[in-house]
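Chemist: Here it is, the structure in full.
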Amino acid sequence: MVSAVRNRTYRRRIDGIMNYSIETENLNLWYGDFQALIDVSVRIRDGQITSLIGPSGCGKSTLLRCFNRVNERYGNVTTKGKIEILGKNIYDTDVSLPELRKAVGMVFQRPNPLPISVYENILFGLRIHSPIRSMTRTESDQIVEEALTSVFLWEDLKDKLKVRATSLQLEQQQKLCIARLLPLKPKIILMDEPCSALDAKGTLAVEELMEALAGTYTFLIVTHNMAQARRVSTECIYMFLGELIEHRETQALFETPQHPKTADYVQMRYG
Amino acid sequence: MIRSELRKKIALQGGAVIIVGAVFVFFWNDLRKTAVVHIQTSSTSRISGILPSLISDLNLILPISLLAVLSGVVCAFYLEEWCPATSWIRGFIGSQVNFLTEIPSLLYGLLAIMVLFSDPGVLKEIGALSPAQNVNESGVEVALFERNTLVFYAETLIFILMAMPIAIKTTQEALRSVATPIRESTYVLGATQWQVLTKQVVPLAFPKILAGGCRSMSRALAAAALLIGIHIPSHTPGPRGIPDRFVLFLGGALLLSTISSFLTVESGTHK
Numbered sequence: 001m002v003s004a005v006r007n008r009t010y011r012r013r014i015d016g017i018m019n020y021s022i023e024t025e026n027l028n029l030w031y032g033d034f035q036a037l038i039d040v041s042v043r044i045r046d047g048q049i050t051s052l053i054g055p056s057g058c059g060k061s062t063l064l065r066c067f068n069r070v071n072e073r074y075g076n077v078t079t080k081g082k083i084e085i086l087g088k089n090i091y092d093t094d095v096s097l098p099e100l101r102k103a104v105g106m107v108f109q110r111p112n113p114l115p116i117s118v119y120e121n122i123l124f125g126l127r128i129h130s131p132i133r134s135m136t137r138t139e140s141d142q143i144v145e146e147a148l149t150s151v152f153l154w155e156d157l158k159d160k161l162k163v164r165a166t167s168l169q170l171e172q173q174q175k176l177c178i179a180r181l182l183p184l185k186p187k188i189i190l191m192d193e194p195c196s197a198l199d200a201k202g203t204l205a206v207e208e209l210m211e212a213l214a215g216t217y218t219f220l221i222v223t224h225n226m227a228q229a230r231r232v233s234t235e236c237i238y239m240f241l242g243e244l245i246e247h248r249e250t251q252a253l254f255e256t257p258q259h260p261k262t263a264d265y266v267q268m269r270y271g
Numbered sequence: 272m273i274r275s276e277l278r279k280k281i282a283l284q285g286g287a288v289i290i291v292g293a294v295f296v297f298f299w300n301d302l303r304k305t306a307v308v309h310i311q312t313s314s315t316s317r318i319s320g321i322l323p324s325l326i327s328d329l330n331l332i333l334p335i336s337l338l339a340v341l342s343g344v345v346c347a348f349y350l351e352e353w354c355p356a357t358s359w360i361r362g363f364i365g366s367q368v369n370f371l372t373e374i375p376s377l378l379y380g381l382l383a384i385m386v387l388f389s390d391p392g393v394l395k396e397i398g399a400l401s402p403a404q405n406v407n408e409s410g411v412e413v414a415l416f417e418r419n420t421l422v423f424y425a426e427t428l429i430f431i432l433m434a435m436p437i438a439i440k441t442t443q444e445a446l447r448s449v450a451t452p453i454r455e456s457t458y459v460l461g462a463t464q465w466q467v468l469t470k471q472v473v474p475l476a477f478p479k480i481l482a483g484g485c486r487s488m489s490r491a492l493a494a495a496a497l498l499i500g501i502h503i504p505s506h507t508p509g510p511r512g513i514p515d516r517f518v519l520f521l522g523g524a525l526l527l528s529t530i531s532s533f534l535t536v537e538s539g540t541h542k
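Protein chains in written order, with this note's numbering: chain X, 1 to 271; chain S, 272 to 542.
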């Protein structure tokens, strides 16, 4: 996005109006003839962890992938409606995709570090957004240390910075995938089932990390694990067959669901 | 660069250099005789070395690598990276490439002769053949192609047609072998398509693309070796015996295949 967006965002923040990082209005999406999202209108609060739950194929991941426009890469995708991120409609013609993706980071289901060293993985994002040789060695060392420290990996990896990132443990790889977003200073981090490839210990570690980073970043997490949604998220969204059924505070959604479909799902009568 | 990998690379490439070196040592006497003592190439096998055939090899390889391999690689990049998945161009070129790669290489050579030089009269008119070459002692008209530059380049043209589909196919395979998660993770960091290509896809696929180029050239050389049975695809006077040239063309093909297999092994280490 252009710098004007940042200024606007900043102005809204100091006016105290800005409460939502992501707002969609009547969002519809088709893969060819198949409608994957039907009239989704949602507002995601700033600086919180919001989880998206629902049975497989209900459009959770599709919705998530709309927010950084990676959906468009697959071709044959039609989107209608409005998505505002940080107060700016991301389908406006003056929106630049690299800048949008810089502000909205994404973590995938399977850890996917690049097949280069840990050090280069952290700096990769920054390097593609800045001119060649614009960073000194000391600066880049510092950036790597800061990023790894904030995901609690520095102690484990400080002697392994030159090791190929794909040879790390899965949990470390997933944390590294989060760490490599941080130097770009994103506002929002999208997570598509970030713990499904990890064991219990790894899941706990990533959840703790998300809790530690919430506040600084807005997290939107897709999960199949309802216990995880209850543990980590402040607000929860239930989706079913492309429609948004219910969006409330997590505790309320799980304890007193208003919609019968939500009740069926959270009480495990379905899905 | 990670050190263990660098060592592996040096070992592999060193191995290839040693093989090439061994070939030269093996042929040193011949080379010396031809290149130093008899700098003028000769058609008497006793005094000619491998130089005429080497020149013929290069004469085939240079146009093929410049025209067929380069344009094949460019074509494959377009098809894989830019051409929309639903475009008819992709289907059309794809099916043609599959068809052309399945045709036995000998048929290409025969095709060249039959289409371009079916009528010796044409050759006489354009002055490609001298009368002495056209009529043997008993007065029967025969086409002696040995010293005919024109025929040689017509053959080269056909070899280019033959090598290009292989270059396209192998490059496409090399590009597809770069895993989708690697591309996705680069895109979501805000990289443009060009950056994804130059920073991740090409470096990872490069050894395989080179291997594909070698494969297509080696196939052309092997076909040239087969064609010696029908006429000699060489425009420099050299040893007349079929086995001599046969060995040289096949030797070149074998060497390129060796390099190609080295490169494929090496590209496997990137995964």
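Positions of the beta carbon are idealized from the N, C-alpha and C atoms, including for glycine.
1. Using only the alpha-carbon positions, how far apart do serine 456 of chain S and asparagine 112 of chain X sit?
2. Pick from X:Ala147, X:Glu146, X:Ala197: whose alpha carbon is nearest that of glutamine 169 of chain X?
3. Quick check: the Cα distance between glutamate 120 of chain X and alanine 287 of chain S, rounded to an integer number of angstroms?
4. For the beta strand (DSSP E) containing valine 42 of chain X, name the first residue and the last one.
5. Count the C-beta pairs between the region 218-234 of chain X and the region 122-135 of chain X that are closer than 8 Å, then say yes if the count reaches three, no if not.
6. Give the range of the alpha helix (DSSP H) segment to which isoleucine 178 of chain X is assigned.
7. What does phenylalanine 348 of chain S pair with, by DSSP beta-bridge criteria?
8. Could you give the first and the last residue of the continuous alpha helix (DSSP H) run that contains methionine 210 of chain X?
9. Listing by chain order, which chain X residues have their CB less than 8 Å from the CB of glycine 483 of chain S?
10. In this structure, how does DSSP classify glutamate 235 of chain X when only helix, strand and coil are distinguished?
11. List the residues that DSSP assigns as beta-bridge partners of asparagine 28 of chain X.
12. Just mark asparagine 19 of chain X as buried or exposed, buried being the case when its beta carbon has 16 or more other beta carbons within 10 Å.
13. Can you tell me the Cα-Cα spacing of valine 473 of chain S and glutamate 352 of chain S, whole angstroms?
14. Starting from the C-beta of arginine 8 of chain X, find all residues in its chain whose C-beta is less than 6 Å away, skip the five residues before and the five after it, and write them out in chain order.
15. On the three-state DSSP scale, how would you describe isoleucine 281 of chain S?
16. Who are the Cβ neighbours of threonine 78 of chain X in its own chain at under 6 Å, not counting the five residues just before and after it?
17. For a quick check, are the C-beta atoms of leucine 123 of chain X and leucine 220 of chain X less than 8 Å apart?
18. How about alanine 214 of chain X and glycine 47 of chain X: do their beta carbons lie closer than 8 Å?
19. List the residues of chain X whose Cβ lies closer than 8 Å to the Cβ of serine 456 of chain S, in chain order.
20. Name, going along the chain, the residues of the region 122-133 of chain X whose beta-carbon falls closer than 7 Å to a beta-carbon of chain S.
21. Does chain X have any CB closer than 8 Å to the CB of leucine 428 of chain S?
22. Tell me, please, whether the CB atom of leucine 460 of chain S is closer than 8 Å to any CB atom in chain X?
23. Within 10 angstroms of its Cβ, does aspartate 192 of chain X collect 16 or more other Cβ (buried), or is it exposed?
24. Among the residues of its own chain, which have a CB less than 8 Å from the CB of histidine 129 of chain X, if the five just before and after it don't count?
25. Indicate the three-state DSSP secondary structure (helix, strand or coil) for isoleucine 480 of chain S in the structure shown.
26. What residues from chain X crowd round glutamine 466 of chain S, counting only those whose CB sits closer than 9 Å?
27. Who are glycine 105 of chain X's beta bridge partners in DSSP?
28. Taking buried to mean at least 16 other C-beta atoms within 10 Å of its own C-beta, is phenylalanine 297 of chain S buried or exposed?
29. Does the Cβ of alanine 462 of chain S have 16 or more other Cβ atoms within 10 Å, making it buried, or fewer, making it exposed?
30. Distance check for serine 275 of chain S and arginine 43 of chain X, CA to CA, integer angstroms please.
31. Contact between the region 432-441 of chain S and the region 332-343 of chain S is defined here as three or more beta-carbon pairs at a separation below 8 Å; is this criterion met?
32. Just by C-beta distance, which residues in the region 64-76 of chain X are closer than 8 Å to chain S?
33. Quick one: which chain X residues come within Cβ less than 8 Å of proline 355 of chain S?
34. For tyrosine 74 of chain X, count neighbouring C-beta atoms within 10 Å of its own C-beta (all shown protein chains included) and say buried if the count is 16 or more, exposed if not.
35. Please report the distance separating the alpha-carbon of phenylalanine 67 of chain X from that of isoleucine 290 of chain S.
Modeler: Reading from the atomic positions:
1. 7 Å
2. X:Ala197
3. 30 Å
4. 34-45
5. no
6. 170-179
7. Paired residue(s): none; phenylalanine 348 of chain S is not in a bridge.
8. 200-213
9. Correct list: empty, because the minimum Cβ distance to chain X is about 21 Å.
10. strand
11. X:Lys80
12. exposed
13. 11 Å
14. For arginine 8 of chain X, the predicted model reports a pLDDT of 43, less than 50, meaning its position is unreliable; a value from the coordinates is still stated below. If we look at arginine 8 of chain X and ignore the five residues flanking it on each side, its Cβ neighbours are Gly87.
15. helix
16. Trp30
17. no
18. yes
19. Phe108, Asn112, Pro113, Leu114, Cys177
20. Phe124, Gly125, Ile128, His129
21. no
22. yes
23. buried
24. Pro98, Lys102, Leu184
25. helix
26. Pro98, Ile128
27. X:Ile189
28. exposed
29. buried
30. 50 Å
31. yes
32. Asn68, Val70, Arg73, Gly75, Asn76
33. Gly75
34. exposed
35. 55 Å
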